[in-house]
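In my numbering, the protein residues as written are 7 to 561. All C-beta atoms, glycine included, are put in the ideal place defined by N, C-alpha and C. The block underneath contains the structure these notes are about, expressed in structure tokens.
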Amino acid sequence: MKRKIYTPLLLTALFMSTLSQTVPGTTANAAKKPALSKTKVSVYTGKKAKVSIKKIAKKTKVTWKLGNKKVAKIVKQKKTGKPYAVIQGVKKGKTTLLARYKQGKKIRKLTCRITVLAAKKATPQKNAAVPSSTASPSQAPNSSLAITPTPEPTATPTPTWVTTWGTAEEKCDVTSNAMPQITLEDSTVRQIIKVTTTGSKIRFRLSNQYGGRDVTIKSMHIAKQVKASNPEINTDTDATVTFEGKENFIIPKGKVIQTDAIDFPVQALENVAISTFFGETPTTNITGHRGARATTYQVSSNQVSANTFSNYKKTTSWFFLADASLLSANGSKAVVCFGDSITDGYGTDATYLGKKPDSYTRWGDYFAKRLKANKGTENVSVINEGIGSNSILGSYPTDAGKDRFNRDLLEHDGVAYCIILFGVNDLDKLQNTDKYNLLLPEYQKMIETCHKNNIKVYGAPILPFGTSSFYSENSEKVRQLINQWMRSSESGVDGIIDFENAVADPANPQNLLAKYTNKDDGIHPYNGYQVMANAIDLNLFQLISNIEKGVRDQL
């Protein structure tokens, strides 16, 4: 018999082989841990990506879930066998795909970070000659580095949907004069909005969020208003608004719907009239917005296409309108202005001060004009999400600011920025400083929500109100604490918009400058809204636009 001779190398190999079969935890016999095929995924809007789980028992059931369904959606999934999920990009932003499964008695989780990018633009054919001046830049689309200006892209820009006008939904029957002045049923209501950007097609979000019964719309038309503060329309521009192809449709109780897109070219800062002939509607808890600062006209019978109205009733509220979006030039973005009556424009239609509705003199209106006049920001729209008397913690008049923030920020198209000027109504005659510890976490949540959704957030320190009935020493202390925190690096805001110092009295900075407010008020800068808008650094809104215009159009 031939003897086996073991060399030291062979003995070592045999020993390791034996060890791997007998010692728990060695590589050969280690339990295979399930893992996602990808932990980070980037996908363009409208495009799909697949994420699967490796090394998982065939009978294990997996539950798939997305953190933010407005950014991406799961279009296909398999829960057992070889589990996977196919996600599709919905709108630009970030979210998390979560896979949950049970292992023994414990629930295990696997996560994949999803980044949805703006729709990919057309690129030259592979073999086509490409001029050196149009070479792709080295920076990634989301790079924060300075980018050298680039020439105009050769690809044709793809228009995108961006909200051009919006308002914060609330209950109109908080005050009787904010309600329709005659019964809505079998009446025509002509409402006026001012778009803030230019586009070729338009669509609306209609809200019956608070209604206890359906809203029946028999006919809805849009046209351009001829002159502010007058119900006359240009009938040559008249167009029918439909929902799922139908002129007669319903907004279900408690719901929000989006109308079909229709051809309706409009220029920035033009006034659009929305004329609606109603069937049955709620008579209480009517969803709308009390502080339109624009005249709404109401007549009996169907007059949606009438050139003008006679014997009309009027109010200064909007009913069932949540926002309007335009098919806009590539690179267009929206900024949400979130706040209370100061953002809502309180006093701009105060007849006792000689002011009238339809003046469009809120700080957001002046801001929109400045954006339009500046070449680098002309495609940035303004959405006013202010509600009079609203506070962060309190539910009057409808929802607390902390509860409506996600709705008013995320349900619009193309939001890239948010300005938060909010909190003064929480500081009414405070007897101590405890409110600070209640308000701070809410600001932090708002800022975190913005960043999670790839939205830049700018903090606006609370304006002074030393001569108002709200003032107390503790109220001022809390205001200072909030403003100091907001200005600090701890807040995490992407910048400060200093309305505070723009309207404060330099000699008494706890007060508004007397010329900006009414002597019996002291909290609203009636004559200071334009000064506020002028204090905004437009470069805060120009940077991303320039990056995307110079880089993303060439991807």
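Proximity winner among the options, relative to residue i (alpha-carbon distances)
{"i": "residue 461", "options": "351, 341, 239, 485", "result": "341"}
{"i": "residue 534", "options": "495, 526, 522", "result": "522"}
{"i": "residue 349", "options": "430, 292, 231, 257", "result": "430"}
{"i": "residue 220", "options": "44, 292, 371, 456", "result": "292"}
{"i": "residue 373", "options": "40, 538, 204, 458", "result": "538"}
{"i": "residue 545", "options": "123, 516, 524, 503", "result": "503"}
{"i": "residue 297", "options": "260, 403, 516, 60", "result": "403"}
{"i": "residue 337", "options": "312, 494, 418, 165", "result": "165"}
{"i": "residue 395", "options": "417, 490, 386, 351", "result": "351"}
{"i": "residue 315", "options": "382, 235, 277", "result": "235"}
{"i": "residue 223", "options": "105, 307, 107", "result": "307"}
{"i": "residue 526", "options": "428, 498, 473", "result": "473"}
{"i": "residue 286", "options": "249, 217, 302", "result": "217"}
{"i": "residue 225", "options": "484, 493, 238, 246", "result": "246"}
{"i": "residue 183", "options": "476, 324, 365, 441", "result": "324"}
{"i": "residue 480", "options": "382, 327, 433, 510", "result": "433"}
{"i": "residue 59", "options": "82, 344, 86, 50", "result": "86"}
Where residue i sits in the DSSP three-state scheme
{"i": "residue 402", "result": "coil"}
{"i": "residue 332", "result": "strand"}
{"i": "residue 242", "result": "strand"}
{"i": "residue 520", "result": "helix"}
{"i": "residue 268", "result": "strand"}
{"i": "residue 29", "result": "Any reading at residue 29 must be qualified, since the residue scores a pLDDT of 39, below 50, and its modelled position is unreliable; no value is offered."}
{"i": "residue 232", "result": "coil"}
{"i": "residue 320", "result": "strand"}
{"i": "residue 428", "result": "coil"}
{"i": "residue 130", "result": "Residue placement at residue 130 cannot be trusted, given a pLDDT of 40 that sits under 50; the coordinates are not used to answer."}
{"i": "residue 450", "result": "helix"}
{"i": "residue 344", "result": "strand"}
{"i": "residue 443", "result": "helix"}
{"i": "residue 378", "result": "helix"}
{"i": "residue 368", "result": "coil"}
{"i": "residue 148", "result": "Note that residue 148 scores a pLDDT of 32, beneath 50, so its modelled location is shaky; the value from the coordinates is reported in the next line. The answer is coil: DSSP assigns residue 148 none of H, G, I, E or B."}
{"i": "residue 110", "result": "coil"}
{"i": "residue 408", "result": "helix"}
{"i": "residue 97", "result": "coil"}
{"i": "residue 358", "result": "helix"}
Backbone CA spacing between residue i and residue j [nearest angstrom]
{"i": "residue 321", "j": "residue 361", "result": "15 Å"}
{"i": "residue 398", "j": "residue 408", "result": "5 Å"}
{"i": "residue 334", "j": "residue 202", "result": "11 Å"}
{"i": "residue 420", "j": "residue 111", "result": "44 Å"}
{"i": "residue 377", "j": "residue 93", "result": "36 Å"}
{"i": "residue 41", "j": "residue 100", "result": "21 Å"}
{"i": "residue 393", "j": "residue 329", "result": "15 Å"}
{"i": "residue 471", "j": "residue 425", "result": "20 Å"}
{"i": "residue 63", "j": "residue 69", "result": "14 Å"}
{"i": "residue 532", "j": "residue 355", "result": "10 Å"}
{"i": "residue 204", "j": "residue 494", "result": "37 Å"}
{"i": "residue 375", "j": "residue 89", "result": "52 Å"}
{"i": "residue 417", "j": "residue 242", "result": "32 Å"}
{"i": "residue 178", "j": "residue 300", "result": "15 Å"}
{"i": "residue 180", "j": "residue 400", "result": "15 Å"}
{"i": "residue 215", "j": "residue 106", "result": "33 Å"}
{"i": "residue 318", "j": "residue 266", "result": "29 Å"}
{"i": "residue 237", "j": "residue 280", "result": "11 Å"}
{"i": "residue 445", "j": "residue 536", "result": "28 Å"}
Buried versus exposed call for residue i [16 or more other C-beta atoms within 10 Å across all chains shown]
{"i": "residue 263", "result": "buried"}
{"i": "residue 359", "result": "exposed"}
{"i": "residue 443", "result": "exposed"}
{"i": "residue 109", "result": "exposed"}
{"i": "residue 437", "result": "exposed"}
{"i": "residue 251", "result": "exposed"}
{"i": "residue 490", "result": "exposed"}
{"i": "residue 459", "result": "buried"}
{"i": "residue 589", "result": "It is not possible to answer for residue 589, since the shown part of the chain is limited to 7 through 561."}
{"i": "residue 304", "result": "buried"}
{"i": "residue 273", "result": "exposed"}
{"i": "residue 353", "result": "buried"}
{"i": "residue 454", "result": "exposed"}
{"i": "residue 389", "result": "buried"}
{"i": "residue 386", "result": "buried"}
{"i": "residue 113", "result": "exposed"}
{"i": "residue 78", "result": "buried"}
{"i": "residue 379", "result": "exposed"}
{"i": "residue 74", "result": "buried"}
*Length at least 3, wholly inside the region 157-197: the beta strand (DSSP E) runs in chain order*: The region 157-197 contains, as complete beta strand (DSSP E) runs of 3+ residues, the segments 166-172 (chain order).
*Return the chain-ordered ranges of every beta strand (DSSP E) run that is complete within the region 284-310 and spans a minimum of 3 residues.*
The region 284-310 contains these whole beta strand (DSSP E) runs: 293-295, 302-306.
*Could you name each continuous beta strand (DSSP E) segment of 3 residues or more that falls completely within the region 480-550, going from the start of the chain to the end?*
Taken in chain order, the complete beta strand (DSSP E) segments of 3 residues or longer contained in the region 480-550 are 514-518.
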